[in-house]
Amino acid sequence: MFGQRYSHFSESGLDSGPEEAPRGRLSRPVSAEAVPQFVSRNRQSSTDLDQGHGTLLSSDDFGSAMRPAMARREQFQPRRSLNNIEGNPLITGLPDNQPSTARSKSGTPAMNVSINRKPVATSTFNTIDSQGYQSLKRGYSSDEPPRKAECEPFPAKPLWRIWAWEVFYIFLSISSFFLIVAVLCSYDQQPLPDWPLHITLNTFLAFFTTLAKAAFMLPVSVAISQTQWSWFLKDRPLHDLQLFDQASRGPWGSVMLLKRIRYKHFVSLGALLMIVSALTSPVTQLAIKYPVRDSVALHEEAKAAAVRNMTSDEDRMNLGARRALVLATLSDSTDFMEPIAPAGAFCSTGNCTFDRYQSLGICMKTANITEHLKVEEFDSPDMIDTLVLGFPKPDAKMWRASLPSGLEMAHQTPLAAMTDMLNGSETFAFQDDEDLKQTRISSFTVIYTNPTELNETWYNGLSEVAGAPFASDLIGAIYNFRHEAMEVMYHLCVQTFETRVSMGIERTTLVETSAVPVEQEKPFFLDMRCRPLLGEASRTCNQSIDRWHETLHLKDPRFLTNFDADSTLEEEHYSASYFSLEKISTILKTDIMGYASASYVTEEYQDTAVFFRGQEFLKTLFQSVIYDLKNIANSTLRQIALNNIHTNVATSVSTIMRVNQPQSYAFNSFNISGKALTQVSYVHITWGWISMLAVEIVMALLFLALTIVSQMKLNGRQTSSREERSAFREAKNSSLAMLVALDENSRARAGGGLRPLDELQSASKALKVRFEGRQMATADETTIETSEVGDRVI
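Residue numbers (our numbering): 107 to 900.
Written out as structure tokens, the structure is:
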């Protein structure tokens, strides 16, 4: 019978099987090498039998047919055990209760092939052989369902469905960026936000920057992976597959891909973005800075003193002026090289600002009147009636310097100075200034000697001597001198100040002064009549009690010019009573006038000393200003010091007029309100760092768009059919797609299994593949060379 002949041939190396196959199943032991040829030949035989013109194979014919096929198979395939053919869809293993004991001639274990068969209603053959054949035929043809690739093409998904999630992530990244911009814009130049859970702007920025980067990096990674499939539409080294895979995972792989691609493909844009994104991750934190600035403290106090008029009977400017003269000398810390600054502001926070403000004050002007000075020289003090300063030395030369007003100074030594006040409207330097004459309070003349020739050796050695030199030594070092005179006028004015308190230090600057009186009937207002200092040895002045109620008015400096005028402001005059001005003038005369001279003091006239007549101000003027060691030989420094000490007097009196603490000297003084500031941190955004994130998002969007467009433009010149174009349409970064992409031939040439990475890389770089159909096939059709890989032979 056919079933018996089919089971008992010996030339093929098969052992005998059971004499009769079970119903519906044909079981036979077959060696692994014989199965493919066996199946192919019997498929052809079954076809002939179905058509009714085939013949049955005898045992000899079947064996002879199997041997050539097995021989040809052995040329290319290694000998395999039963386990090596596991998974063949044509072969199934024996049940557990039917172990295989058959072996081929070569010693290869045979396996039982059980071919399932569905029962049929009718059969063309009624013999036992026909039943066995039908069982074998149907086992091969109907037991395995047809593959889909052999039956119908894959349905192609639309691109919008394939890339929907990637587009969503891009828009999520864009939304995160716009949220970052909106929040940072709202807090730029604003105080620090006070959010719940102590969340800061940096926390917010870090979170949404990370979200934005993660959102656009996912589509970039997927797009790089998708590009690898179209990359292999041409012959490429298999190693490129690993480069693309590594590039989609991180920056280092992207660097290696850029090295391979060399910017010749748009995928380099995605690789570059992977690198840049890794480097710029912390950069966005640089966009937020927290500098410190001043902010208005609403409940703090800031005030600056000012006075608009001194017309009250309670004004005590005589006491205020005396205190001011003391402050003028004691407040100096620069040897009168710089004037003292105005004061009078109070700031509770240590940082305050004030708008410009005006106040009534005292101003000062100086002028050199040496040209009006008359100098005379005498051989003896007995030759003149003028009082000689100090103790006169008989039969010694003397000098007398006088002004046309009658003020004169007589002395015998080269160190002498005198200060006195001019009466009424007398002035030498300001005759043509009507405004100054009307607002004048006091005019003083200063006459002094100016050494012109010194002992340079002695003077240069002063720095090496500890302490000040003796007066006798100084007199002996002066070989020659000349007389000089200057006029100092104190007058009423309106002062404009700018005040700022920073870190507890007040900086009040006198911006400008104005002394424009309202129309007056008399050419001058204050008429002081005082006795000469030397003539009557008196410091007192006559009082004009009947004029104490008169008032001197000054114009508001804001309305002196049209461009300074503000239509919303109301002009206010500044004023001072005759009483207040007279008190100030009297104190100035009392404390400023006087004289000083180096004079002989012993009967033998062997020693000298400085003789003073005046208040502390005069001593300071003589010792620290006119005859200070650094000023003796430098007329410029002396002139600066003279101007500054009198400026200090005017500044001190003005401050006393304005400031009402610790006591008030001008009853109508008031406070100007300023802004108390406190140091607060605020948010400053540097938008350049944020723009880097925007550039990265735009690059990601562009790269994704290029990837989708390139996928749309795949045409028949690159792929043979729509089915092949759809093969990797949605493969992206799928690991399963990579596992099944290589065909058997390419896999075998690449190594056929795991082995050391160096060998795999070498093999993959040498092996070029391309996409054909649905698999990557080797680019050439050469025969696979025999090589040893592990314990296998290929």
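Beta carbons are placed, not taken as given, at the ideal position from N, Cα and C, and that holds for glycine. These numbers were taken from a predicted model, which means no experiment stands behind them.
Check: Which of helix, strand or coil DSSP assigns to serine 703; Outcome: strand
Check: Nearest-angstrom Cα separation, counted from glycine 356 out to proline 184; Outcome: Confidence is the limiting factor: at proline 184 the pLDDT is only 44, short of 50, which leaves the residue's position unreliable, though a coordinate-based value still follows. The alpha-carbon atoms of proline 184 and glycine 356 are separated by roughly 41 angstroms.
Check: 7 angstroms Cβ shell around serine 282 - same chain, five flanking residues per side excluded; Outcome: Phe314, Leu317, Ala318 and Ala321
Check: Contact under 8 angstroms by Cβ, methionine 609 with isoleucine 553; Outcome: no
Check: Neighbour-count burial assignment, histidine 589, 16 or more Cβ in a 10 Å radius; Outcome: buried
Check: Distance CB(threonine 605)-CB(alanine 410) smaller than 8 angstroms; Outcome: yes
Check: Closest by C-alpha distance to serine 686, when choosing among Arg506, Lys781 and Met416; Outcome: Met416
Check: Glycine 857 - DSSP class collapsed to helix/strand/coil; Outcome: coil
Check: Rounded C-alpha distance that separates phenylalanine 277 from methionine 805; Outcome: 13 angstroms
Check: Coil, strand or helix - serine 852 by DSSP; Outcome: helix
Check: Neighbourhood of isoleucine 746 by C-beta, 6 angstroms cutoff - its chain only, sequence neighbours within 5 removed; Outcome: none
Check: Proximity to isoleucine 446 [Cα-Cα], best of Gly857, Gly456, Asn308 and Ala430; Outcome: Ala430
Check: Range of the contiguous alpha helix (DSSP H) that encloses alanine 739; Outcome: Per DSSP, alanine 739 belongs to no alpha helix (DSSP H) and is neither H nor E.
Check: Isoleucine 803 versus serine 327 - alpha carbon distance; Outcome: 14 angstroms
Check: Candidates Pro397, Ala403, Ala800 and Thr619, of which the one nearest aspartate 294 by Cα; Outcome: Pro397
Check: Terminal residues of the alpha helix (DSSP H) in which asparagine 932 lies; Outcome: Beyond the ends of the chain as shown, which are 107 and 900, falls residue 932; an answer cannot be given.
Check: Contacting residues, own chain, Cβ-Cβ under 6 angstroms from serine 360 (five flanking each side not counted); Outcome: Ala353, Ala377, Met380 and Ile381
Check: Whole-angstrom distance between alanine 507 and threonine 476, CA atom to CA atom; Outcome: 10 angstroms
Check: C-beta atoms of serine 705 and threonine 519 nearer than 8 angstroms; Outcome: yes
Check: Candidates Leu735, Ser730, Asn737 and Tyr701, of which the one nearest glutamine 721 by Cα; Outcome: Tyr701
Check: Whole-angstrom distance between alanine 577 and alanine 715, CA atom to CA atom; Outcome: 6 angstroms
Check: Methionine 504 classed as buried or exposed, judged by whether at least 16 other C-beta atoms fall within 10 angstroms; Outcome: buried
Check: Exposed unless 16 or more other CB atoms sit within 10 angstroms - verdict on threonine 558; Outcome: exposed
Check: Option nearest valine 617 by Cα separation, candidates Cys453, Gln464 and Asp633; Outcome: Gln464
Check: Rounded C-alpha distance that separates aspartate 633 from isoleucine 547; Outcome: 9 angstroms
Check: 6 angstroms CB neighbourhood of asparagine 586 in its chain, flanking five on each side removed; Outcome: Thr558 and Glu559
Check: Three or more C-beta pairs below 8 angstroms linking the stretch 435-443 and the stretch 728-737; Outcome: yes
Check: Test: alanine 502 CB closer than 8 angstroms to a CB of chain C; Outcome: The chain inventory of the structure shown lacks chain C, comprising one protein chain alone.
Check: C-beta atoms of asparagine 556 and serine 741 nearer than 8 angstroms; Outcome: yes
Check: Host alpha helix (DSSP H) of glutamate 688 (start-end); Outcome: 684-698
Check: Environment of glutamate 677 [buried if 16+ CB atoms lie within 10 Å]; Outcome: exposed
Check: Extent of the continuous beta strand (DSSP E) run through cysteine 453; Outcome: 451-453
Check: Reference proline 498; option with closest CA among Phe631, Gln537 and Phe484; Outcome: Phe484
Check: Close beta carbons around alanine 523, own chain, < 6 angstroms, minus the five adjacent residues each side; Outcome: Tyr554, Ala702, Phe728 and Ile732
Check: Tryptophan 301 burial status per 10 Å Cβ neighbour count (16 or more: buried); Outcome: exposed
Check: Simplified DSSP state of methionine 784, which is helix, strand or coil; Outcome: The displayed chain sequence assigns threonine, not methionine, to residue 784. Three-state result, threonine 784: strand.
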